[in-house]
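Undergrad: This is the structure, below, for whatever I ask next.
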Amino acid sequence: MAPKHIGDDARPSSCVGARVERGDEGAAATTTATMTKVALILGVTGQTGSYLTDLLLSKGYIVHGLTHSTWQNYPERLQHIMCESSPFRSRFVLHQGDILEFETLVRILHDVKPCEIYNLAAQSSVHLSFQQPLSTVKSVGLGVFNVIEAIRTVNPTIKLFQASSSEIFGKTTVFPQRETTPPYPCSPYANAKLMAHQAVIMHREAYGLYAVSGILYNHESSRRGANFVTQKIVTAAVRIKHGLQQQVELGNLNSRRDWGHAQDFVVCMWKMLQLDEPEDFIVATGKTHTVRQFVKFAFKAVGIDVKFQNSGTEEIGINKATGEVIVKVDPKYFRPDEPIQTVGDSSKAFELLQWQPEIDLAQLIEEMVTACEWRLIHGDKRTSTRIRGFAG
Ligand code: F7E
102 MAPKHIGDDA RPSSCVGARV ERGDEGAAAT TTATMTKVAL ILGVTGQTGS YLTDLLLSKG
162 YIVHGLTHST WQNYPERLQH IMCESSPFRS RFVLHQGDIL EFETLVRILH DVKPCEIYNL
222 AAQSSVHLSF QQPLSTVKSV GLGVFNVIEA IRTVNPTIKL FQASSSEIFG KTTVFPQRET
282 TPPYPCSPYA NAKLMAHQAV IMHREAYGLY AVSGILYNHE SSRRGANFVT QKIVTAAVRI
342 KHGLQQQVEL GNLNSRRDWG HAQDFVVCMW KMLQLDEPED FIVATGKTHT VRQFVKFAFK
402 AVGIDVKFQN SGTEEIGINK ATGEVIVKVD PKYFRPDEPI QTVGDSSKAF ELLQWQPEID
462 LAQLIEEMVT ACEWRLIHGD KRTSTRIRGF AG
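Just so you know, we're using our numbering here: the sequence shown kicks off at 102 and counts up by one.
This is the structure we're talking about:
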């Protein structure tokens, strides 16, 4: 499928790096010309891709994004960039295609000449990976081989960021996990992510590529997809508050996750590509909470106190003020297996990148609730609410 370009006039003729040093013969002076950096984001229409786009545009980059989705209008999460009034529109180009199509990747790399590629493209639901293991392994595991081969074919100096996942640690008994913690994946998604993770290391060591993995822990925001537990809970809390829904059914309430904000995580991803030597990093908050705690916090944020009683599949959450059952457990949301707890130690990122998350869980929930309220009032369009605005 031929890639479709929106905003074709923004396509640059070249991009090899941020700065070019030129010796000025005769004048004995050196002129420093700054060239605009060009990045390619694979999986640009997802939550993380959209925040990364905001960040890179705010840093002056020309950003090309690849999405496999077909779209009628603008993708919702990129609407604030692609609308007529956006000052960033001329520096953003959207391409349509799949990372599993090698020819498409090679053609785009030839056309666009990126200096940085961020691979965020893949099926990202752990739950769905149990139902669709092969397609998950293809997009998550094989996709990165295609990207690396395209880089090797077109320009091996392109820097690659690969979105790895805390899911690779799976059933580890090491808490918190570090870059050196042995993996123990327990889902098709996690196995595929581990394959991609190892592929990055292997190609880096074998061919000297600048290819790195950020081991990303759960990262959420108002732009999170509805099928992930944080957005599901926040949306239910807001709808229950407004009388639009009576209760929410959830799966494993005991599961503990290290939840950060996607807007913080993209900063770390970018920093990872600015080093001289390629390194993998844990990207996490270091704090972990149960799904049950998240439920309590989210309902509290809309003014509802929840009390839990019973256990296992009989567990229920009750609105303390009214006595109504507003949370139930439905085993259909259980997974055949999953990590009991994820919590990451990102001290390496702090030491080498001076990165640490700035948005805590309370702020994250508040932002998600505000955005959800906004969507309820203004129809179902996703808001681009941000805590610290980058763009738009
Ligand atoms: O589940 C439990 C569920 O689907 C979080 C992806 O970005 O982060 C994400 O994967 C926890 C799990 O995210 C429901 O069992 C309970 O323990 O929001 P989630 P995830 O599976 O942790 C990692 C780092 C990634 O790499 C992934 O791409 O919540 N849970 N009840 C539920 N989860 C869902 N979805 N729905 C429920 O009703």
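Positions of the beta carbon are idealized from the N, C-alpha and C atoms, including for glycine.
As a quick exercise: from 292, 363, 426, pick the residue whose alpha carbon is nearest that of residue 350.
TA: Selected option, being the one with the closest Cα: 426.
Undergrad: Would you say the stretch 275-292 touches the stretch 245-261, given that touching needs at least three Cβ pairs under 8 Å?
TA: Because the criterion of three Cβ pairs below 8 Å is not met, the stretch 275-292 and the stretch 245-261 do not touch.
Undergrad: Return no unless some Cβ of chain D is closer than 7 Å to the Cβ of residue 146.
TA: In summary, chain D is missing from the structure at hand, where a single protein chain is found.
Undergrad: With DSSP collapsed to three states, give me the class of residue 466.
TA: Helix, per DSSP.
Undergrad: With distances taken from CA atoms, which of 339, 335, 164 is nearest residue 212?
TA: Of 339, 335, 164, the residue nearest in Cα terms is 164.
Undergrad: Could you name the residues of the same chain whose beta carbon sits closer than 7 Å to that of residue 226, not counting the 5 residues immediately before and after it, in chain order?
TA: Excluding residues within five positions, the ones whose Cβ falls inside 7 Å are 328.
Undergrad: Tell me whether residue 303 is buried or exposed, calling it buried when 16 or more other Cβ atoms sit within 10 Å of its Cβ.
TA: Label assigned to residue 303: exposed.
Undergrad: Here's a check: name, in chain order, each residue in its chain whose Cβ is nearer than 6 Å to the Cβ of residue 144, leaving out the five neighbours to either side.
TA: Cβ within range, chain order: 150, 221, 222.
Undergrad: Here's the rule I'm using: 16 or more other beta-carbon atoms within 10 Å means buried, otherwise exposed. How should residue 361 be labelled?
TA: By the neighbour-count rule (16 or more Cβ atoms within 10 Å), residue 361 is buried.
Undergrad: Would you tell me roughly how many angstroms separate the C-alpha atoms of residue 117 and residue 309, rounded to the nearest one?
TA: Because residue 117 sits at a pLDDT of 28, beneath the cut-off of 50, its placement in the model cannot be relied upon, and the point is left open.
Undergrad: Flag this pair as touching only if the stretch 151-163 and the stretch 233-249 have three or more C-beta atom pairs under 8 Å; answer yes or no.
TA: Output reads no: the stretch 233-249 does not touch the stretch 151-163.
Undergrad: Got a sec, what are the start and stop residues for the beta strand (DSSP E) residue 273 sits in?
TA: Premise fails: residue 273 is in no beta strand (DSSP E) and is neither H nor E.
Undergrad: For the alpha helix (DSSP H) containing residue 228, list its first residue and its last residue.
TA: Run containing residue 228: 227-232, per the alpha helix (DSSP H) assignment.
Undergrad: Quick test of your reading: residue 228 and residue 436, contact by CB under 8 Å. State the CB separation rounded to the nearest angstrom.
TA: So it is a contact: roughly 6 Å between Cβ atoms.
Undergrad: First and last residue of the alpha helix (DSSP H) that includes residue 148?
TA: First-last of the alpha helix (DSSP H) with residue 148: 148-159.
Undergrad: For ligand 1, is there a heavy atom less than 6 Å away from the beta-carbon of residue 454?
TA: Outside the cutoff, so no.
Undergrad: Do you know offhand how far residue 385's Cα is from residue 342's?
TA: Between residue 385 and residue 342, the C-alpha separation is close to 31 Å.
Undergrad: Quick one: measure Cβ to Cβ for residue 348 and residue 403, integer angstroms, because I've assumed they're closer than 8 Å.
TA: Between residue 403 and residue 348 the Cβ distance is about 14 Å, and since that is not below 8 Å, they are no contact.
Undergrad: Starting from the Cα of residue 192, find the closest Cα among 268, 138, 146 and give me that residue.
TA: The shortest Cα separation from residue 192 among 268, 138, 146 belongs to 138.
Undergrad: What is the DSSP secondary structure of residue 168, reduced to helix, strand or coil?
TA: Residue state, collapsed to three classes: strand.
Undergrad: Just grab the DSSP bridge partners of residue 410 for me.
TA: In the DSSP output, where bridge partners are listed per residue, residue 410 has 417.
Undergrad: Look up residue 460 in the DSSP assignment and say whether it is helix, strand or coil.
TA: DSSP places residue 460 in coil when its eight states are reduced to three.
Undergrad: Is it the case that the Cβ atoms of residue 331 and residue 355 are separated by a distance below 7 Å?
TA: Contact flag unset, no.
Undergrad: Look up residue 426 in the DSSP assignment and give the residues it is bridged to.
TA: DSSP, once it has assigned bridges, lists 419 as partnering residue 426.
Undergrad: Which of the three DSSP states, helix, strand or coil, is assigned to residue 253?
TA: In the structure shown, residue 253 sits in a helix (DSSP, three-state: H, G or I).
Undergrad: Any idea if residue 124 is buried or exposed, counting beta-carbon neighbours within 10 angstroms, 16 or more meaning buried?
TA: Unreliable placement is indicated for residue 124, whose pLDDT of 30 sits below 50; the coordinate value is still reported in the next sentence. Label assigned to residue 124: exposed.
Undergrad: Buried or exposed: residue 439, going by 16 or more other Cβ atoms within 10 Å of its Cβ?
TA: Classification of residue 439: buried, given that the 10 Å Cβ count is 16 or more.
Undergrad: Hey, is residue 351 close to ligand 1, as in C-beta under 6 Å from one of its heavy atoms?
TA: Yes, the beta carbon of residue 351 sits closer than 6 Å to at least one heavy atom of ligand 1.
Undergrad: Please state whether the Cβ-Cβ distance between residue 379 and residue 305 is less than 7 Å.
TA: Yes; because the gap between Cβ atoms is below 7 Å, this pair is in contact.
Undergrad: Using alpha carbons as the reference points, say which of 318, 184, 249 lies closest to residue 194.
TA: If we check each option's Cα against that of residue 194, 184 comes out closest.
Undergrad: Report all residues from its chain with a CB closer than 6 Å to the CB of residue 473; omit the five preceding and five following residues, and keep chain order.
TA: 335, 336, 339, listed in sequence order.
Undergrad: Using only the heavy atoms of ligand 1, determine whether one of them is closer than 6 Å to the beta carbon of residue 448.
TA: Residue 448 Cβ: outside cutoff for every heavy atom of ligand 1.
Undergrad: For residue 441, name the three-state secondary structure that DSSP assigns.
TA: Residue 441: coil per DSSP, three-state reduction.
Undergrad: Quick one: grab the DSSP three-state call for residue 391.
TA: Reduced to three states, the DSSP call for residue 391 is strand.
Undergrad: Is any non-hydrogen atom of ligand 1 found closer than 6 Å to the C-beta of residue 330, if you look at the structure I gave you?
TA: For ligand 1, at least one heavy atom lies less than 6 Å from the Cβ of residue 330.
Undergrad: What residues in its chain sit with their C-beta under 6 Å from that of residue 469, if we drop five residues either side in the sequence?
TA: Cβ neighbours of residue 469 beyond the five flanking positions: 323, 335.
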